[in-house]
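Trainee: Below are the structure tokens for one structure; questions will follow.
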């Protein structure tokens, strides 16, 4: 679960195609990754992703073709800024709303 409050603006470092899926590597500026473990969730652009690798002050996540088609993650290129929020932990303040990060589609504001 997440609060929906962005805690960092990271950078999409690389997007490596993997048979229709993509391995996304994100560099963090302020987010403390020292407590993040493999399998933890991080909200990237409003979408819950699972950490598959920690790389110092960056992390990687595998993004399925379904997720790419239903979110804006498929529009990212290396260097794109991305909104980041780590998953809530017991005792964290609930300053926003409880959100799951499970995205069903993209809308356009007109």
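Residue numbers (my numbering): 5 to 114. Glycine residues also receive a C-beta, built at the ideal position from the N, C-alpha and C atoms. Quick caveat, the model's predicted, so the values are computed rather than measured.
#1: Need the endpoints of the alpha helix (DSSP H) that residue 42 sits in, please.
#2: According to DSSP, is residue 127 helix, strand or coil?
#3: With 16 other CB atoms within 10 Å as the buried threshold, where does residue 46 fall?
#4: Leaving out five residues on either side along the sequence, give the residues of the same chain with a beta carbon under 7 Å from the beta carbon of residue 108.
#5: What does DSSP give as the partner residue(s) for residue 27 in the beta ladder?
#6: Within 10 angstroms of the Cβ of residue 90, are there 16 or more other Cβ atoms? Answer buried if so, exposed if not.
#7: With the cut-off set at 8 Å, would you say residue 72 and residue 49 are in Cβ contact?
#8: For residue 98, which residues from the same chain have a beta carbon less than 8 Å from its beta carbon, with the 5 sequence-adjacent residues on both sides left out?
Mentor: With the given structure in hand:
#1: Your numbering for residue 42 matches position 38 in the chain shown. Per DSSP, residue 42 belongs to no alpha helix (DSSP H) and is neither H nor E.
#2: Past the edges of the chain, shown from 5 to 114, lies residue 127, and the structure says nothing about it.
#3: Indexing the chain shown from 1 puts residue 46 at position 42. Buried, since its Cβ has 16 or more Cβ neighbours within 10 Å.
#4: Locating residue 108 in the chain shown gives position 104, counting from the first residue. In the same chain as residue 108, and ignoring 5 residues on each side of it, the C-beta atoms closer than 7 Å to its own belong to 74, in chain order.
#5: The residue you call residue 27 lines up with position 23 of the chain shown. For residue 27, which the question treats as bridged, DSSP gives the partners 20, 66.
#6: The residue labelled residue 90 in the question sits at position 86 within the chain shown. That one is buried.
#7: Along the chain shown, read from residue 1 onward, the residue named residue 72 stands at position 68. Along the chain shown, read from residue 1 onward, the residue named residue 49 stands at position 45. Result no, Cβ atoms of residue 72 and residue 49 do not sit closer than 8 Å.
#8: The sequence position of residue 98 within the chain shown is 94, counting from 1. Taken in chain order, the residues that qualify are 7, 92.
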